[in-house]
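This report refers to the structure that appears directly beneath it.
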Amino acid sequence: MYTKKLTLSCGYLLRIIFLVSLKSVITFCQEEPKAIELDSISFNKEIGTSNYFVMFYAPWCPHCLKLKDTWEELAEMLNEPGSRVTIGKVDCTKEGTLCYQQQITGYPTLMYYKKGEVTSSKYSGTRDLSSFANYLNEQLGTNIVEHGIGEVRPSGPIDLTDETFSDHLSKGKHFVKFYAPWCGHCQSLSPTWENVGITFAPHESVTIGKVDCTVHKEACRTYDIKSYPTLLWIEDGQKIEKYQGPRTADDLEAFVLKRLSDTAEKIPLEPSLEEPPSILALSSASFKENIADGFTFVKYYAPWCGHCKRLAPTWQDLGNKFESEERVKIAEVDCTREENRQLCDDQEIGGFPTLILYKKGEKVDKYSGSRALLDLYDFVRKHVDQGHDEL
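In mature numbering (1 follows the signal peptide of the UniProt record, and there is no 0), the protein residues as written are -29 to -1, 1 to 362.
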């Protein structure tokens, strides 16, 4: 009886050790968050001793999930020795009392705490890196461009609010969608508008924006919005033209270029035919044809994905390294574009970025290693050399 109990105890113990080890491996493989997770003890200890920019959130909140990558990017850039501000976060599902004390009534709520003061300031601007940088510049009375975010532009349409629309639209050229979330035509336009915003995001001559008129009523009253969606071209705060054409991405982009006719030549939407790009942009229509020959290493991505943004320059370098090899193509697929969604579903893309190598149209291997340039290069080179040996 004693031996049987001992055997059962040992088996139970081994299962516990295995589960603990597995949890450790999973935890190790997950990317470590950069924003400082604060609880009631660390919050009361830290706040007031230094400048803090804190996100109060709930894990189930869709807007919090959307902001998560951007907040982590901000923390990665600023949470370093010698920084004048620390990026933190508080999970209000765990720290209910603390969030009640801070008068948090919705998620996410972003609060700035100045060193040496007990009061806080609520951030109500646009939730992108560029806007966060400008806000922190104002709070700190200095420029944080040196930390790498001063020149960042949003990667899609800018969310404008009653608090931000006046200053934002007062200078420059803007194409703005005024909408209501319940409006069917607005819902149909939404993915197209996101893509237009992504297309023009790198270009400082124009910004693509959007205003939710059910929330930000003052902005919509200012521009006399009576129906949804309303698309306005605005220059230096003045309404110049109401867009009345078809709502396809091509038509909307053509309209922007027409309005920017004096600078249109400086905004190349397509790569120059004289210098073929080292990265091949694939779509559902061109996918099968382009992967049919040789080796094709494909990055499936979403423009809003923080990990995808960090991989982008490395992926470009990888394309440059294989540019002279006819048998190898380095490619990418934007899974947020409507025409590519079926392709990404067919390829069973469950997260971004996903990297898959194809040989003569067939899937060979899904890459799961380090995203360093040398490791990516060695992965492709190994398969190409093996393929050469098989000939």
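Virtual Cβ for every residue (Gly too), placed ideally from N, Cα, C.
Everything numeric in this text was worked out from a predicted model, so none of it was measured.
Check: Close Cβ partners of residue 199 (< 6 Å) along its chain, the five nearest in sequence each way excluded; Outcome: 150, 151, 154 and 157
Check: Helix, strand or coil at residue 34 according to DSSP, with G and I counted as helix; Outcome: helix
Check: Contact check, residue 83 vs residue 28, beta carbons under 8 Å; Outcome: no
Check: Bounding residues of the beta strand (DSSP E) (the contiguous stretch that carries residue 203); Outcome: 201 to 206
Check: Where residue 168 falls, given that 16 or more other Cβ within 10 Å makes a residue buried; Outcome: buried
Check: Outcome for residue 211 when other beta-carbon atoms lying within 10 angstroms are tallied against a minimum of 16; Outcome: exposed
Check: Check whether residue 263 and residue 332 have beta carbons under 8 Å apart; Outcome: yes
Check: Cβ-based burial, residue 237 [other Cβ within 10 Å; buried from 16]; Outcome: Low confidence applies here, because residue 237 scores a pLDDT of 40, under 50, leaving its location unreliable and the question unanswered by this model.
Check: Integer Cβ distance of residue 194 from residue 202, believed to fall under 8 Å; Outcome: That belief does not hold up - the Cβ atoms of residue 194 and residue 202 are roughly 11 Å apart, past 8 Å.
Check: Between the CA atoms of residue 163 and residue 270 - distance to the nearest angstrom; Outcome: 22 Å
Check: For residue 264, three-class secondary structure by DSSP; Outcome: coil
Check: Euclidean distance between Cα positions of residue 326 and residue 337; Outcome: 6 Å
Check: Cβ separation of residue 329 and residue 267, assumed to be a contact under 8 Å, to the nearest whole Å; Outcome: 5 Å
Check: Coarse secondary structure for residue 325, derived from DSSP in three states; Outcome: strand
Check: Any 3 or more C-beta pairs closer than 8 Å across the region 48 to 61 and the region 20 to 39; Outcome: yes
Check: Beta-carbon contacts of residue 4 that lie in its chain and below 7 Å, excluding the five residues immediately before and after; Outcome: 43
Check: Test item: CB-CB of residue 138 and residue 187 under 8 Å; Outcome: no
Check: Contact set for residue 81: own chain, Cβ-Cβ below 6 Å, skip 5 residues either direction; Outcome: 26 and 94
Check: CA nearest to the CA of residue 250, picked from 284, 176 and 224; Outcome: 284
Check: Residue 337 - containing beta strand (DSSP E), residue span; Outcome: 333 to 338
Check: Length of the line joining the Cα atoms of residue 216 and residue 230; Outcome: 14 Å
Check: Outcome for residue 39 when other beta-carbon atoms lying within 10 angstroms are tallied against a minimum of 16; Outcome: buried
Check: Whole-Å CB distance - residue 103 paired with residue 227, under 8 Å assumed; Outcome: About 26 Å; that fails the 8 Å criterion.
Check: Among 302, 312, 276 and 298, the one whose alpha carbon lies nearest that of residue 288; Outcome: 302
Check: Exposure label - residue 322; buried when at least 16 CB within 10 Å; Outcome: exposed
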